[in-house]
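Report on the following structure.
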Amino acid sequence: MSFDFFLPCPRGLEASLATELAEIAAKHLNGAPFTAGAQVPGGVHFRGGWAAGMAANLHSRIASRVLLKIAHRPYRSEQDIYALAVEQRWEQWFSANETLRVDVTAIKSPLRSLEFTTLRVKDAICDRLREVSGARPNIDTAMPDVRVFAFLTATDCTLYLDTSGDPLFKRGWRLDKGAAPLRENLAAGILRLTGWTAGTPLYDPMCGSGT
Numbered sequence: 001m002s003f004d005f006f007l008p009c010p011r012g013l014e015a016s017l018a019t020e021l022a023e024i025a026a027k028h029l030n031g032a033p034f035t036a037g038a039q040v041p042g043g044v045h046f047r048g049g050w051a052a053g054m055a056a057n058l059h060s061r062i063a064s065r066v067l068l069k070i071a072h073r074p075y076r077s078e079q080d081i082y083a084l085a086v087e088q089r090w091e092q093w094f095s096a097n098e099t100l101r102v103d104v105t106a107i108k109s110p111l112r113s114l115e116f117t118t119l120r121v122k123d124a125i126c127d128r129l130r131e132v133s134g135a136r137p138n139i140d141t142a143m144p145d146v147r148v149f150a151f152l153t154a155t156d157c158t159l160y161l162d163t164s165g166d167p168l169f170k171r172g173w174r175l176d177k178g179a180a181p182l183r184e185n186l187a188a189g190i191l192r193l194t195g196w197t198a199g200t201p202l203y204d205p206m207c208g209s210g211t
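1 is the number of the first residue of the sequence shown in the UniProt record's numbering; add one for each residue after it.
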C-alpha cells in the first residue's frame, strides 16, 4: 500500500530536500515504492509505502516533519472542514486513549478565525472517535501522543497526520546550547547547499554551540 506524504522544511531548501529524499530512497528502500512529488514553497511531496515514510523520518536531515496525507477537499466554511474531518477513519490510526493536538495553518484562507477552525477540526475528530468507541481523546498541547495538521489554501483543505512526534531537528544529541541556536535541519540544508562532502575539512568560525 502506498501513501501520500508531505515533508515541510525551511524555505529555500525544497530542492535540497527533494535531492536528499531521492538519495534516501536509493540507499535505504531496496526497491520499495517511492515516487517523488512536487516541490512547493516550504516543503516537498512524495508517494511511497510506509517504509518510505519511516526512512524519511530516520534519515532526512533537512525535513522538519513527515506528514501523512489523510484527506483533501475544497471548502467554503468551517462546517465544510468539520464535515471533512468527521468523515475520516481516525480510529484506524489512533484511539481515544491517546492525547491529541490539532494545528491549523493557512495561506489566503477566507476564514476569519484559525482558532475557531482548529476547534472545529478537534471537535470533528473527537466526535468521530466517540461515535465509534464511546470515548473522546483528551487534548494535550504540550506533549501530545497524536498531532493532526490542517492546511488551508483559499479554496482547499488538506488534513495530515504527523508521523514524527517531536520536530526532526530535535535529534537529542545537543545537551548544552546557546541562547538562539541554529536549528539542525536548517544547518544541514545550508551545508548541503555549499557542496560540502563528508571527509572534507570544514571550518566554521561562527559555530556557536556547535549546530
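Here a beta-carbon is modelled for each residue, glycine too, at the ideal position from N, C-alpha and C.
- Gln88 carries a coil assignment under DSSP once its states are collapsed to helix, strand and coil.
- Fewer than three Cβ pairs drawn from the segment 184-191 and the segment 125-145 lie within less than 8 Å of each other, which leaves the two stretches out of contact.
- For Phe6, there is no enclosing alpha helix (DSSP H); the residue is part of the beta strand (DSSP E) that begins and ends at Phe3 to Pro8.
- Nearest C-alpha to Arg76 among Met206, Ala154, Ala198 and Asp162: Ala154.
- A direct Cα-to-Cα measurement between Gly53 and Phe5 gives close to 7 Å.
- Our two residues, His28 and Ala22, have alpha carbons roughly 10 Å apart in a direct line.
- Taking each of Asn57, Ile139 and Thr163 in turn and checking the Cα distance to Ile70, the smallest one comes out for Thr163.
- Closest in C-alpha terms to Arg101, from the list Glu131, Thr118, Pro167 and Gly31, comes Thr118.
- Assigned with DSSP and collapsed to three states, Leu111 falls in coil, not helix or strand.
- Residue burial annotation: Ile139 is exposed, with fewer than 16 other C-beta atoms found within 10 angstroms of its C-beta.
- Assignment of Arg61 by DSSP, reduced to helix, strand and coil, places it in the coil class.
- Assignment of Asp204 by DSSP, reduced to helix, strand and coil, places it in the coil class.
- In the DSSP assignment, Leu100 falls within the beta strand (DSSP E) that extends over Leu100 to Ala106.
- If the five residues before and after Leu114 are omitted, its C-beta is found closer than 7 Å to the C-beta atoms of Val104 and Ala106, all from its own chain and listed in chain order.
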